[in-house]
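>
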Amino acid sequence: MPMSLEWIFIILSALVILSVLTIKFSIRFGVPSLVLFIAIGMLAGSDGPGGIEFDNPYLVQSMGITALVLILFAGGLETEWAGVRPILWRGLSLSTIAVLLTGLLVGVFVSWVQGFSFLEGLLLGAIVSSTDAAAIFMMLRSRNANLPKRLTQLLEFESGSNDPMAVMLTIALIRLLMEPSTSFGELVAFFVVEMVVGTVVGIAMGEIMRRAFNALDLRVEGIYLVLSVALVLMTYGLTTFLHGSGFLAVYLAGLSMQRKPFVHQQNVLRFHDGLAWLMQVTMFLMLGLQVFPARLVPVAWVGILVSLFLIIVARPAAVHLSLAFSSMPFREQTLVAWAGLRGSVPIILATFPLLAGVKQADTIFHLVFFITLTSVFIQGTTIVWASHLLKIDASPQDEAHTSLPKP
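Here my numbering is used: the first residue of the sequence shown is 1, the next is one more, and so on.
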């Protein structure tokens, strides 16, 4: 017998309220709230005491993509363009070269320890290759993450702009696994079109959104908020329809829109900040519901090995190599490497092989989930300790002028 609508409302609202209340616990004890959100979903799921029967990768993927679109736009909207310009090339290097190197190193390691084929290993490496915007934004908005502003801006820019590379690598490798006849030229063309179209449409839509807000005289403030959501979703849909990277487009749209003032700007910022929080909570709850804890046990040891390799070897090597020709101090590069949290994006990307019917898809999904959970817990709880160890803290000027909101 299907669950009645009122019970669906009661259960969903109770899970969201419980997740919101855990943020206080997260701030007080230094446990990343993302871990708590996922834990609540796992406890409520079919293998937990909640017993909610849920196994719908398509719904999780669709909700995850929608949530990520709104989170990335909010991240772009809150990123100061004046702060991006000095770190632009470093950020681009991290969001492209570092992602490629991370995926390659992890892929080779997984192929060795798990017995995957080389392409299957690379697929898992691609899935976990990017840092997660939601995880980074939430960590940096913690009261304990007192990092210099130049580093918070670099981490936010990297996490907002490196998802497209991970998505493209994942799709390309799934295509190679399912259609081995795919040529190298086709893959190169795919990458170029995705990046160029995503960049052009994203910047253009950001300009259109700002000009539309300033030109329209709707007299009702709430309508501007509705319009902003519609235009964000249109940006993603239009870019994807044109075979571009929708994730890159929405982040650049937010970044482009806030370059100059527009009407109701502060209200739009607050609205999208709240919407991003709702999306984050919903997304992580659904990801927790989708995973089956019993299936994590068989991959636990491999998951620990891969996670440690990613945190200690692959990510630092990728960061230092991609920033080798920059003037950025080695200590700051090391902190950037340690702050490269994985989050919802790898788990969402892990649903792609499930839906495509890739041979090792279920193992990949649960390995990715385990890797993500350990990454968020280990790196999220030790970032403050790492910054103190490396003697990197916010200067008084950073603290006085920081624009990061407090939870």
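Quick reminder that beta carbons are idealized off the backbone N, C-alpha and C, glycines included.
In this text the structure is predicted, and so the values were computed from the model without any measurement.
Closest to Ile97 by C-alpha separation, out of Asp132, Leu123, Leu323 and Trp112, would be which residue?
For the purposes of this step, residue 97 is taken as the residue at position 97 of the sequence shown. Nearest C-alpha to Ile97: Leu323.
> Under 8 Å, do Ser19 and Leu390 count as touching if we go by C-beta distance?
Mapped onto the sequence shown, residue 19 falls at position 19. Mapped onto the sequence shown, residue 390 falls at position 390. No, Cβ-Cβ distance for Ser19 and Leu390 is not below 8 Å.
> Use the C-beta contact count for Phe325: other C-beta atoms within 10 angstroms, 16 or more gives buried, fewer gives exposed.
Numbered from its first residue, the sequence shown carries residue 325 at position 325. That one is exposed.
> Would you mind stating whether Phe25 and Gly288 have Cβ atoms separated by less than 8 Å?
Translated into the one-based positions of the sequence shown, residue 25 becomes position 25. Translated into the one-based positions of the sequence shown, residue 288 becomes position 288. Contact: no.
> Which runs of the beta strand (DSSP E), 3 residues or longer, sit entirely within the segment 173-234?
None, since the segment 173-234 contains no complete beta strand (DSSP E) of that length.
> Classify Leu169: buried if its beta carbon has 16 or more other beta carbons within 10 angstroms, exposed otherwise.
In the sequence shown, the residue the question calls residue 169 occupies position 169. Label assigned to Leu169: buried.
> Return the chain-ordered list of same chain residues with a C-beta closer than 8 Å to the C-beta of Met178, the five sequence neighbours on each side being excluded.
The residue you call residue 178 lines up with position 178 of the sequence shown. Same-chain partners within the cutoff: Ala356, Gly357 and Val358.
> How far does the alpha helix (DSSP H) with Leu94 in it extend, from its first residue to its last?
Working through the sequence shown from its first residue, we reach residue 94 at position 94. No alpha helix (DSSP H) contains Leu94, which DSSP labels as neither H nor E.
> Using only alpha-carbon positions, find the residue among Pro164, Val60 and Pro148 that is nearest to Ile127.
On the sequence shown, residue 127 is found 127 positions in, with the first residue counted as 1. Ranking Pro164, Val60 and Pro148 by Cα distance to Ile127 puts Pro164 first.
> Can you list, in chain order, the residues of its chain with a C-beta nearer than 6 Å to that of Gly41? Leave out the 5 residues immediately preceding and following it.
By one-based count along the sequence shown, residue 41 stands at place 41. Cβ neighbours of Gly41 beyond the five flanking positions: Leu285, Gly288 and Leu289.
> My assumption, with CB atoms under 8 Å, is that Gly160 sits in contact with Tyr236. Please give the rounded CB distance.
What you label residue 160 is simply residue 160 of the sequence shown in a count that begins at 1. What you label residue 236 is simply residue 236 of the sequence shown in a count that begins at 1. Rounded, the Cβ-Cβ distance is 14 Å, inconsistent with contact.
> Does the separation of the CB atoms of Leu94 and Val376 fall below 8 Å?
Start at 1 with the first residue of the sequence shown, and residue 94 comes out as number 94. Start at 1 with the first residue of the sequence shown, and residue 376 comes out as number 376. No; because the gap between Cβ atoms is not below 8 Å, this pair is not in contact.
> On the criterion of 16 or more Cβ atoms from any shown chain inside 10 Å, does Tyr224 qualify as buried, or is it exposed?
One-based indexing of the sequence shown puts residue 224 at position 224. Buried: at least 16 other Cβ atoms inside 10 Å.
> For the candidate residues Val167, His264 and Arg210, whose alpha-carbon lies nearest to that of Val220?
One-based indexing of the sequence shown puts residue 220 at position 220. Residue His264 is the option with its Cα nearest to Val220.
> At what residue ranges does the segment 354-394 contain a whole run of the alpha helix (DSSP H), taking only runs of 4 or more?
For the segment 354-394, whole alpha helix (DSSP H) runs of length 4 or above, ordered along the chain, are 361-389.
> For Arg150, tell me which candidate among Gly91, Thr282 and Val193 has the shortest Cα-Cα distance.
One-based indexing of the sequence shown puts residue 150 at position 150. Answer by Cα proximity: Gly91.
> Name the two residues that bound the continuous alpha helix (DSSP H) containing Ala39.
Along the sequence shown, one-based indexing puts residue 39 at 39. Residues Ser33 to Ala44.
> Considering Cα atoms alone, identify which of Ile311, Ser183, Gly222 and Leu216 is closest to Thr131.
Along the sequence shown, one-based indexing puts residue 131 at 131. That would be Ile311, whose Cα lies nearest to the Cα of Thr131.
> Hey, would you say Ala198 sits closer than 8 Å to Met257, going by beta carbons?
Translated into the one-based positions of the sequence shown, residue 198 becomes position 198. Translated into the one-based positions of the sequence shown, residue 257 becomes position 257. This sequence places Gly at residue 198; Ala is not what is there. No. Outside cutoff.
> Among His272, Leu354 and Met279, whose alpha-carbon lies nearest the alpha-carbon of Ala74?
Counting from one through the sequence shown, the residue named residue 74 turns up at place 74. Cα-wise, what sits closest to Ala74 is His272.
> Would you report the Cα separation of Pro405 and Trp81, rounded to the nearest angstrom?
Residue 405 sits at position 405 when you count from the first residue of the sequence shown. Residue 81 sits at position 81 when you count from the first residue of the sequence shown. At Pro405, the pLDDT of 38 sits below 50, so the modelled position is not reliable and the matter cannot be decided from this model.
> By a C-beta neighbour count over all protein chains shown, 10 Å radius and 16 as the cutoff for buried, is Glu53 buried or exposed?
Position 53 of the sequence shown, counted from the start, is the residue given in the question as residue 53. By the neighbour-count rule (16 or more Cβ atoms within 10 Å), Glu53 is not buried but exposed.
> Restricting to Cα atoms, I'd like to know which of Ile87, Leu122, Leu278 and Ile383 is closest to Leu68.
The sequence position of residue 68 within the sequence shown is 68, counting from 1. Nearest option by C-alpha distance: Leu278.
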